[in-house]
Every structure is written in C-alpha cells, then in structure tokens.
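In our numbering, the protein residues as written are -19 to 242.
The C-beta atom is built at its ideal place from N, Cα and C for all residues, glycine as well.
As the structure is a prediction and not an experimental result, all values here were calculated from the model.
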Ligand SMILES: [Zn+2]
C-alpha cells in the first residue's frame, strides 16, 4: 500500500513540474507581450534553436544538459528549473498532506493560477486581471459541488479579500497595488471568508518576515515597490496546509470543503 502512495506522490510531482514548466513559459511570454498559445514553439533564448523533446523534460533536461543549451552553450535560465521544482514539490506536498479529497482536487486546480500571478508579479510587478478573473470563474465553478452555501461563502471571500486590500491602498497610498486586490478576489473565491482572513494574516506575516529585515539591513528602502503578490500566495499555501488546524484550534466550524476532510 505504502508503495502505491509513494508512486502516486511521485507521479503528481511529475505532473506538477510539467504544469509549472508550462505556466512559467506562459508567464514569461505574457510579460514579454508575446502569444503563448498555439504557433510559437519554445526556442533557446540565445541562438533561437527550436527546442526538441529532450530539451523539454521538466527538471531532468536542465540537470542532464549541464544547465546549458545543446547548440550554443548559453546558460538555461534557472527560473525554468526553479518553477518546475517548486510546482512539483508543492503539488506533491498537497497530495501528501490532504490525501484523496475534494479539497486536494480544488487546491491542485488553483495552483497554476497562483503560480502565474506570483511569477508575473516577481518579474515586472504586474498581476494580470484576466488571470484573476479566470481564478474566480474556476473557483466558483468548483464551488458548485458544495451547493448554494459554498457559492455564497466564495462570494463573501471575494468581497473580503478585495475590500481589505482596497482599504489598504486607500489608506497607505501605495505599498500595495490594484493587482493585489484582484489577486485577493481570486484567492477569496477559492477560500471563502473565514479562510481568507487567515490568508491575509499569514500573507502579511510572511511579507513582514521578509521585508522588515531587508528594511533594517537597508537592502530595500520604504520607497521601493516590493511585490506583495508572492506573499499573499504564500499565505494562501500556508492556509491550505494549516488553515483547518488553525480554525479547529480556536473552535470554529470548518467551512466547505475543509469540513469533508477526515
Ligand atoms: Zn542555444
């Protein structure tokens, strides 16, 4: 039995790495304002050679090819490898932590959207509305399985997430952007209102844990635009992993689909 479980986790790691690979390229092309669906094939950034199957195996190609292009010796951008490994690992940990459940299915479906928004925010500080709207649509469709209360909870989560960030934007005049509010619209639709509070809390906490030391060491100044999106996504992942335990600890009833867990 244990062997099948490990096999399953390995398989999910692999699918996750492949999805991560695809989303990473989609994010890079979106930022570069290129089309990423259909015609255009992946090519070496330096010599332009169209990549073949051996160049495109997630994680393995990067390691096996010695991190270099086969024709021109240009270094392959490390972000491909990092995005693949990270997505694969997160997917594997989700399976290990959540087990076969609707929450697992729901979380895995959200992962590509979280990843895309993180990558574009890191690269050019921009979170794309279209991807946030898509997150909302996918989340609400998946919430149909929980009936009307689940849809209402998702809508409340959207309002809460969007509203809190909008309030921060108004009060702080900068620091956070409208993209962060749009991101929380999608995250709220997935999490529902109770879990969204946790996402915001853990998001700001992890943001502070990184940014405050950087401020103290004067690596960044208060005027620098630090992308908040990745921290909100970090809060979202932490909430998937620990949200249920947190709410139970404080004696709150678990919202759907967390209440379906064993
Ligand atoms: Zn090349």
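heavy atom of ligand 1 below 7 Å from residue i C-beta
i, result
"residue -12", "no"
"residue 44", "no"
"residue 66", "no"
"residue 24", "yes"
"residue 58", "no"
"residue 29", "yes"
"residue 54", "yes"
"residue 115", "no"
"residue 100", "no"
For residue j and residue i, the rounded distance between their alpha carbons
i, j, result
"residue 95", "residue 51", "30 Å"
"residue 47", "residue 99", "21 Å"
"residue -8", "residue 0", "12 Å"
"residue 38", "residue 237", "32 Å"
"residue 225", "residue 181", "15 Å"
Residues bridged to residue i (per DSSP)
i, result
"residue 48", "55"
"residue 23", "30"
Residues of its chain near residue i, where Cβ-Cβ distance is below 6 Å and the 5 sequence neighbours each way are ignored
i, result
"residue 223", "175, 178"
"residue 115", "93, 166"
"residue 233", "none"
Under 8 Å between C-beta atoms of residue i and residue j
i, j, result
"residue 71", "residue 122", "no"
"residue 142", "residue 168", "yes"
"residue 25", "residue 54", "yes"
Residues near residue i by beta carbon distance below 7 Å, same chain, minus five either side
i, result
"residue 163", "97, 107, 112, 209, 212"
Close Cβ partners of residue i (< 8 Å) along its chain, the five nearest in sequence each way excluded
i, result
"residue 190", "211"
"residue -10", "72"
Short CB-CB distance (under 8 Å) between residue i and chain D
i, result
"residue 232", "In the structure shown, chain D does not exist; there is a single protein chain."
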